[in-house]
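For the sequence shown, this note's numbering gives the first residue as 26, with consecutive numbering after it. The C-beta atom is built at its ideal place from N, Cα and C for all residues, glycine as well. Contents: one structure, followed by commentary.
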Amino acid sequence: MMGFKKISRRAAPALAVLCILLLAACGGPDVDDKALLERGRTYLHENKINAAAIEFRNALQVNPENAEARYLLGSINLQFGDFATAEKEFLRAGKAGWDAAESLTGVALSLLGQDALRKLLNQVGISETYSATERANLLALRALAEAGLGNLEQAELVLGEAETLDPGALQVLKVRLQLELAQGYLEKARETLATGLEKYPDQAELLLLGGNLARESGD
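Written as structure tokens, this is what we have:
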């Protein structure tokens, strides 16, 4: 018994330090999912994507129904090309109460990334309660799925409907540019790209499509 007590006294300081470190790693006993979410947003603003993802996962450990953390984690997975996980997170975000149109747009982009084009057309519906811009973006993604299946005429019809709702919506401009590039309409593609970059100057996918256009033009 004496030996046990001596070992315990010696171990006590180390155990205390270990407990403090564990609490710090968890963010402390009073950190809730909102604080973790805010920390993740800060990391996202600073472009520290991996750190942001960790905070969003921590927030979901505390509260699995945190809709914003689900949506932002889905967006990060989409950015990194983990499309299957992104799809799941966007679906969960919608069920947890995140904006339905935003969640569905994330799902559609995730399905495109998985080349699940028929699944997109079957499962991504469009509600009249969505704003004109939201409907336009979803229609544009449906048009891209139609084009991917070889239904170019139907794709043009659907994209035309989207352009009637909001010709300047991000997904509408992107899909229009993609179709013009695919069909070799390079001059029209330059005009669409210029319009897109004027409205969304830092949009990574538009910049990438601009690179594709430059390559196709021999520039």
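Secondary structure of residue i, DSSP reduced to three states
i	result
A36	Note on A36: pLDDT 49, under 50, position unreliable in the model; no value is reported.
G138	helix
G221	helix
A168	helix
Q208	coil
A194	coil
T154	coil
S242	coil
Q228	coil
V132	helix
Contacting residues, own chain, Cβ-Cβ under 6 Å from residue i (five flanking each side not counted)
i	result
F108	S135, G138 and Q139
G122	A92
L234	L202
Alpha-carbon to alpha-carbon, residue j and residue i
i	j	result
A141	E71	33 Å
L48	Y96	For L48, the predicted structure reports a pLDDT of 43, less than 50, and the residue's modelled location is therefore unreliable. A value from the coordinates is still provided. Going from the Cα of L48 to the Cα of Y96 covers about 27 Å.
A94	E114	9 Å
A76	L85	14 Å
P89	A60	14 Å
N83	D58	7 Å
T130	E63	24 Å
L211	V56	53 Å
T67	E178	45 Å
Pick from the options that is closest to residue i, judged by C-alpha positions
i	options	result
L232	G209, Y210 and Q203	Q203
Q148	T158, S128 and G193	S128
G173	L145, A194 and S100	L145
A157	R117, E171, A126 and L169	A126
Buried or exposed by the 16-neighbour rule on C-beta atoms within 10 Å, applied to residue i
i	result
L166	buried
L182	exposed
D244	exposed
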